[in-house]
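K.L.:
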Amino acid sequence: MQRLICRIMFLSLLLLLTVVLTNCQAATRANVPLMTSMDDKSVQELTTALSSAAPYKRLLAAVELGNRKDKSAIVPLTTLLSDSSQQVRLAAGQALLNLGDRSGIETIKRLLSGGDVETATHAAGVLAMNGDYSGIEIAKSHLNDKSLMVRDYALDAVAASNDDDLAYSALQAGLKDSDQFIRFKAILRLGKRSNRRSIELLAPLMSSSDATVRRPAVRSIAETRLWDALPLLIKALLDSDSVVRYTAAMWLNQLTGQDKPTAPFIGNGGMDKAAAVAQEWRAWWSANKQNYPPDRKLKAPEPPPAWIIPAIQ
Numbered sequence: 001m002q003r004l005i006c007r008i009m010f011l012s013l014l015l016l017l018t019v020v021l022t023n024c025q026a027a028t029r030a031n032v033p034l035m036t037s038m039d040d041k042s043v044q045e046l047t048t049a050l051s052s053a054a055p056y057k058r059l060l061a062a063v064e065l066g067n068r069k070d071k072s073a074i075v076p077l078t079t080l081l082s083d084s085s086q087q088v089r090l091a092a093g094q095a096l097l098n099l100g101d102r103s104g105i106e107t108i109k110r111l112l113s114g115g116d117v118e119t120a121t122h123a124a125g126v127l128a129m130n131g132d133y134s135g136i137e138i139a140k141s142h143l144n145d146k147s148l149m150v151r152d153y154a155l156d157a158v159a160a161s162n163d164d165d166l167a168y169s170a171l172q173a174g175l176k177d178s179d180q181f182i183r184f185k186a187i188l189r190l191g192k193r194s195n196r197r198s199i200e201l202l203a204p205l206m207s208s209s210d211a212t213v214r215r216p217a218v219r220s221i222a223e224t225r226l227w228d229a230l231p232l233l234i235k236a237l238l239d240s241d242s243v244v245r246y247t248a249a250m251w252l253n254q255l256t257g258q259d260k261p262t263a264p265f266i267g268n269g270g271m272d273k274a275a276a277v278a279q280e281w282r283a284w285w286s287a288n289k290q291n292y293p294p295d296r297k298l299k300a301p302e303p304p305p306a307w308i309i310p311a312i313q
C-alpha cells in the first residue's frame, strides 16, 4: 500500500519542468536567486517583504501573495503598482488579478509599450488570460523571436486570444518549434481551449514514439473536457507508457463519474487486469457514446487528477 501511495503522489516530471522553468524565467528577469522561495512565509511576513530593498524579494512576495488568495493582501499589493522595477509592477498587477482585483490592469497595459520586449510580451499574456486582448498584436509580432522566454510569453498571449483562428495557427506552429519546451507548452495550452480543433491537433501526438510527447498530450486531451476526448482516453489505457495509462484512467473516472479501477494502470505489473478494465471502458463507450451532454461538454473534475500521477516503474 505504501508503495502504491508513493507512486500516486509522485509528481509529473514534465509538469514540474513547466513550473520550474516558469519560475526561472521570472527569477532571471528580476535577478532573483533561483532557489529562493517564500512559500513557507506567513501572509504577514510576505506583506512585510513587499517593502524590501531587494526587488527580487518584492517580486517573490507579490507572486506568493497572489497565489494565497488572501484578500487582505490587496491593499499592500497596490503600493507596488508604482514600483521602480517593471517586473515587480507586473507581478503586483498579476497578483491583484489573481485576487479578483483589476486595479492593476492599467499598470500592466503601460508595460506593453513602456517595457522591454520580454516584459511587454509577458504583460500581453497576463492581460489576455484575464480577458484583455490589447497586447495581442505585440505578442503576434514576437511569436518567432529568438528568445525562448519571449516566444513563450508571446504564445501565452496568443493562445489565450478570443480569435480562434489566430490562436490555433500559433499553437500549431508552436508544436513545431525548435525548442522542446515551447512544443511542450503548446501541447498544454491546447488543452485550455475546449474546442474540437484542439482534439484534432492533439490526437496525432498520441501516436508519437516519444512518451514525453504523449504524456502532456493525453492530459490536454482530457482537459478539453469534450465528449470527443473519451475514445482517445480509452485507447490510451493500453499505451506502452504507465504514466499515459494511469493519467487516462484517472481522467476517465473524473470526467464520466464512473469508478472503474485505476490501480492496474500503475506500473507494468498488471497488464492483464489493465486490459480487462480497458475492455470494460470500451463496452461502456459503446453503450453510451450517443448520450453526449449539451455542447458535448463534460463537467470539470475537481481537483484535476492529472496533476498527480504515478512514478514510472
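Numbered per the working numbering, the sequence shown spans residues 1 to 313. Every residue gets a Cβ at the ideal spot worked out from N, C-alpha and C, and that includes glycine. In this text the structure is predicted, and so the values were computed from the model without any measurement.
Whose CA, out of Leu171, Leu97, Pro76, lies closest to the CA of Ser220?
P.N.:
The count along the sequence shown starts at 1 and reaches residue 220 at position 220. Among Leu171, Leu97, Pro76, the Cα nearest to that of Ser220 is on Leu171.
K.L.:
Kindly indicate which three-state DSSP category Thr22 falls into: helix, strand or coil?
P.N.:
For the purposes of this step, residue 22 is taken as residue 22 along the sequence shown, with counting starting at 1. Only weak support exists for where Thr22 lies, its pLDDT of 46 falling under 50; the coordinates are left without a value.
K.L.:
Determine which residues share a DSSP beta bridge with Pro226 and list them.
P.N.:
In the sequence shown, the residue the question calls residue 226 occupies position 226. One detail in the question is off: residue 226 reads as Leu in this sequence, not Pro. In the DSSP output, where bridge partners are listed per residue, Leu226 has Lys297.
K.L.:
Taking Ser72 as the reference, give the member of Thr48, Ser141, Leu59 with the closest Cα.
P.N.:
As a working mapping, residue 72 is identified with position 72 in the sequence shown. Comparing Cα positions, the closest option is Thr48.
K.L.:
If I'm right that Ala186 touches Gly174 with Cβ under 8 Å, what's the distance once you round it to whole angstroms?
P.N.:
To locate residue 186, count along the sequence shown from 1; it is residue 186. To locate residue 174, count along the sequence shown from 1; it is residue 174. Their Cβ separation, rounded to whole angstroms, is 3 Å, which keeps Ala186 and Gly174 in contact under 8 Å.
K.L.:
Could you tell me the alpha carbon to alpha carbon distance between Asn144 and Leu237, rounded to whole angstroms?
P.N.:
Here residue 144 is taken as the residue at index 144 of the sequence shown, counted from 1. Here residue 237 is taken as the residue at index 237 of the sequence shown, counted from 1. If I take the Cα positions, the gap works out to 36 Å.
K.L.:
Can you tell me whether Ile5 is buried or exposed? The criterion is at least 16 other CB atoms within 10 Å of its CB, across all chains shown.
P.N.:
Taking the sequence shown and counting its residues from 1, one reaches residue 5 at position 5. For Ile5, the predicted model reports a pLDDT of 37, less than 50, meaning its position is unreliable; a value from the coordinates is still stated below. That one is exposed.
K.L.:
Taking the straight line between their C-alpha atoms, what separation do you get for Ser318 and Lys273?
P.N.:
Outside the shown range of the chain, which is 1 to 313, sits residue 318, and nothing can be said about it.
K.L.:
At 3 residues or longer, what runs of the beta strand (DSSP E) sit wholly inside the segment 129-169?
P.N.:
List check, beta strand (DSSP E) in window: nothing returned.
K.L.:
Report yes or no: do the segment 55-69 and the segment 95-112 share at least 3 C-beta pairs separated by less than 8 Å?
P.N.:
Yes, they touch.
K.L.:
Take Gly125 and list the residues in its own chain whose beta-carbon comes closer than 6 Å to its own, dropping the five residues that flank it on each side.
P.N.:
Taking the first residue of the sequence shown as position 1, residue 125 is located at position 125. Tyr153, Asp156, Ala157, listed in sequence order.
K.L.:
Considering only heavy atoms of the ligand NAP, does any lie closer than 6 Å to the CB of Arg58?
P.N.:
Here there are no bound small molecules, and the ligand NAP is not part of this structure.
K.L.:
How many angstroms separate the CA atom of Pro294 from the CA atom of Val243?
P.N.:
Counted from its first residue, the sequence shown places residue 294 at position 294. Counted from its first residue, the sequence shown places residue 243 at position 243. Cα-Cα distance, rounded: 31 Å.
K.L.:
With distances taken between CB atoms, is the gap from Ala222 to Trp251 smaller than 7 Å?
P.N.:
What you label residue 222 is simply residue 222 of the sequence shown in a count that begins at 1. What you label residue 251 is simply residue 251 of the sequence shown in a count that begins at 1. Yes.
K.L.:
With Leu127 and Gly135 assumed to form a contact (beta carbons below 8 Å), what rounded beta-carbon distance in angstroms separates them?
P.N.:
To locate residue 127, count along the sequence shown from 1; it is residue 127. To locate residue 135, count along the sequence shown from 1; it is residue 135. Contact holds; Cβ gap of about 5 Å.
K.L.:
On the CB-based measure, 16 or more other CB atoms within 10 Å of its CB, does Gly131 come out buried or exposed?
P.N.:
To locate residue 131, count along the sequence shown from 1; it is residue 131. Looking at its Cβ environment, which holds fewer than 16 other Cβ atoms inside 10 Å, Gly131 is exposed.
K.L.:
If you follow the alpha helix (DSSP H) that Asn67 is part of, which residue opens it and which one closes it?
P.N.:
Reading the sequence shown from its first residue, position 67 is the one you call residue 67. Counting along the chain, the alpha helix (DSSP H) containing Asn67 begins and ends at 55-68.
K.L.:
In the segment 251-295, which residue ranges form an unbroken alpha helix (DSSP H) of at least 4 residues, counting only runs that do not cross its ends?
P.N.:
The segment 251-295 contains these whole alpha helix (DSSP H) runs: 271-288.
K.L.:
Using the beta-carbon count (16 or more within 10 Å), is Glu64 buried or exposed?
P.N.:
Residue numbering aside, residue 64 sits at position 64 when the sequence shown is read from its first letter. It is buried - the Cβ of Glu64 has at least 16 other Cβ atoms within 10 Å.
K.L.:
Are the beta-carbon atoms belonging to Thr119 and Gln94 less than 7 Å from one another?
P.N.:
Mapped onto the sequence shown, residue 119 falls at position 119. Mapped onto the sequence shown, residue 94 falls at position 94. No, Cβ-Cβ distance for Thr119 and Gln94 is not below 7 Å.
K.L.:
Excluding the 5 residues preceding and the 5 following Ile138 in the sequence, name in chain order all residues of the same chain whose CB lies nearer than 7 Å to its CB.
P.N.:
Position 138 of the sequence shown, counted from the start, is the residue given in the question as residue 138. Result list for Ile138: Leu112, Ala120, Thr121, Ala124, in chain order.
K.L.:
Under the assumption that Glu148 contacts Phe181 (Cβ atoms under 8 Å), give the Cβ distance between them as a whole number of angstroms.
P.N.:
The residue you call residue 148 lines up with position 148 of the sequence shown. The residue you call residue 181 lines up with position 181 of the sequence shown. In the sequence as presented, Glu is not what sits at residue 148; that position holds Leu. Sure, about 7 Å apart at Cβ, within 8 Å.
K.L.:
For a test of the three-state rule: what should DSSP assign to Met206, helix, strand or coil?
P.N.:
Numbered from 1 along the sequence shown, position 206 holds the residue referred to as residue 206. If DSSP states are grouped into helix, strand and coil, Met206 belongs with the helices.
K.L.:
With 16 other CB atoms within 10 Å as the buried threshold, where does Lys57 fall?
P.N.:
By 1-based counting over the sequence shown, the position of residue 57 is 57. Buried, since its Cβ has 16 or more Cβ neighbours within 10 Å.
K.L.:
Measure the CB-CB distance between Leu298 and Arg197 and report whether it falls below 7 Å.
P.N.:
As a working mapping, residue 298 is identified with position 298 in the sequence shown. As a working mapping, residue 197 is identified with position 197 in the sequence shown. The answer is no: Cβ separation not under 7 Å.
K.L.:
Which residues bound the alpha helix (DSSP H) around Ser113?
P.N.:
As a first step, residue 113 must be located in the sequence shown, where it is residue number 113. Where Ser113 is concerned, the enclosing alpha helix (DSSP H) stretches over 105-114.
K.L.:
Exposed or buried, what is Asp177 when buried is set at 16 or more other beta-carbons lying within 10 Å of its beta-carbon?
P.N.:
Residue numbering aside, residue 177 sits at position 177 when the sequence shown is read from its first letter. Burial call: buried.
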